[in-house]
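Counting from 1, position 76 in the sequence shown corresponds to residue 76 in the UniProt record's numbering; the numbering is continuous, with no gaps.
Glycine is no exception: its CB is placed at the ideal position from the N, C-alpha and C atoms.
Quick caveat, the model's predicted, so the values are computed rather than measured.
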Amino acid sequence: MLKLLLKPFGCLASLLGGLLVLLVIALIVLFWVAEAWTPKFVAGWMEQSSGFDVQIDDANLELFSQQLVFEDIVIQNPPGFPEESFLRIRGLAVKLPLADVASQDFRASAVSLDIDSLTIVIPERGPSNIAAFIDAVDFQPAAVAVPASDAPRLESFRLTINEVIIEDHSFRRPDITRYKIGYEGNFSNISRSTDVFPEVERELRARNLPGLDTAFFQALFAALPVQCFADIEPAVPGLLPDQIDGLTDEIGQTLRDRAVESLRPQKP
């Protein structure tokens with residue numbers, strides 16, 4: 001009699017166990033999709049926002065910290081510049097609360113940007129690469145004040161800059177100057193880019209570093225698909241639906257293969 005009474009609970013436990021396994025598998029596949037697809041999507045977004053070539057080596061989703069971490073971002077100059085290198089970013093970590101992402105609210109609550117090197121190239125004729133980047137992104141500050149209740153507010157913002165290289169090709173022989181900056185700035189409870197970057201600019205100028213001002217940082221964050229500051233709305237490029245579908249299809253097959261492989265019994 002007791003077995004008959006407990007039998008429905010056993011069936012329910014089996015059902016819940018099966019659902020739990022399916023949920024775990026779905027989460028694994030979801031993380032694979034996100035980590036594999038996100039670097040290409042973000043790189044494509046930034047390329048179309050700026051006209052500069054962008055490569056992102058890796059992206060990791062950290063569930064517990066709710067962070068999206070990009071590693072080894074390389075931005076190269078367009079054709080016509082005598083030097084390919086423009087910007088090398090060791091890491092970019094963006095905290096996106098999952099509840100906000102679920103409601104399609106892509107406003108960061110914390111950001112950490114680690115710049116390894118920035119190469120400012122002055123060609124023989126025409127604008128420098130940093131001026132070309134700023135012009136291409138065409139950042140325009142928010143014209144209307146954002147209500148305090150709706151404005152994104154960063155709990156923390158961290159910026160490090162390791163090295164700045166200035167290559168002047170306007171002379172017969174290129175003049176190359178390296179500035180070992182070693183800058184680190186930490187800010188908290190901020191809303192607008194003007195709360196941060198003018199101070200960064202003053203600090204860099206105090207270290208005798210020319211040519212790196214607020215406009216560059218604003219353009220860089222305007223080229224990202226995530227809103228980090230209230231006065232910088234991401235520049236929306238013309239990403240075509242078939243391009244996005246192509247990225248999904250290209251990665252999807254690999255992810256399906258990896259998902260199936262992970263479910264196979266492991267050899268002892």
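Quick one: using the 10 Å Cβ neighbour count with 16 as the cut-off for buried, is residue i buried or exposed?
i    : result
A93  : buried
L224 : buried
S50  : buried
K180 : exposed
T177 : exposed
F86  : buried
E128 : Here residue 128 is Ser; the residue named in the question, Glu, does not match the sequence. It counts as buried.
A132 : buried
A206 : exposed
R172 : exposed
E199 : exposed
Hey, residue i and residue j are a contact pair by Cβ (cut 8 Å); roughly how many whole angstroms apart?
i    : j    : result
I165 : T119 : 4 Å
L96  : Q66  : 6 Å
P39  : I56  : 4 Å
I115 : N162 : 7 Å
F44  : V69  : Note on identity: in this sequence residue 44 is Gly, with Phe being the wrong assignment. Between V69 and G44 the Cβ distance is about 19 Å, and since that is not below 8 Å, they are no contact.
Excluding five sequence neighbours on each side, which residues of the same chain lie with their C-beta closer than 6 Å to the C-beta of residue i?
i    : result
F217 : F197
D175 : D168
I89  : I73 and I115
P213 : The displayed chain sequence assigns Asp, not Pro, to residue 213. So the qualifying residues of the chain are E201.
V54  : A43, M46, E47 and I75
L113 : L92 and L159
E71  : D57, D58 and G91
F41  : none
S170 : I122 and E124
Keeping to the same chain, check which residues put their C-beta closer than 7 Å to that of residue i; ignore five residues upstream and five downstream.
i           : result
L209        : V164, Y179 and I181
S188        : E155 and S156
A110        : K95, L154, E155 and S156
V117        : At residue 117 the sequence reads Ser, which differs from the Val that was named. Hits under 7 Å: R88, N162, E163 and I165.
residue 311 : Residue 311 lies beyond the residue range present for the chain, which begins at 1 and ends at 268; the question has no answer from this structure.
A219        : F133, I134, V137 and F139
For residue i, which residues from the same chain have a beta carbon less than 8 Å from its beta carbon, with the 5 sequence-adjacent residues on both sides left out?
i    : result
A222 : S49, V137, F139, I232, E233, P234 and A235
E203 : Y183 and G185
L23  : Annotation note: pLDDT 45 at L23 (below 50); position unreliable, coordinate value reported separately. Answer for L23: no residue qualifies.
When you measure from the CB of residue i to every non-hydrogen atom of the ligand NAD, does any distance come out below 7 Å?
i    : result
A131 : The ligand NAD is not part of the structure shown, which contains no ligands of any sort.
Are the segment 79 to 90 and the segment 115 to 134 touching by the rule of at least three beta carbon pairs closer than 8 Å?
With a cut-off of 8 Å, the segment 115 to 134 and the segment 79 to 90 count as touching, because enough Cβ pairs lie within range.
Counting Cβ pairs, one atom from each stretch, are 3 or more of them under 8 Å apart for the segment 131 to 139 and the segment 153 to 169?
The segment 131 to 139 is not in contact with the segment 153 to 169.
Within the segment 126 to 197, ranges of the beta strand (DSSP E) (whole runs, at least 3 residues):
You should have 154 to 168 and 175 to 190.
Of all the beta strand (DSSP E) runs that stay within the bounds of the segment 38 to 111, which reach a length of 3 or more residues?
Every unbroken stretch of the beta strand (DSSP E) spanning 3 or more residues and falling wholly within the segment 38 to 111 is given here in chain order: 53 to 62, 67 to 76 and 85 to 95.
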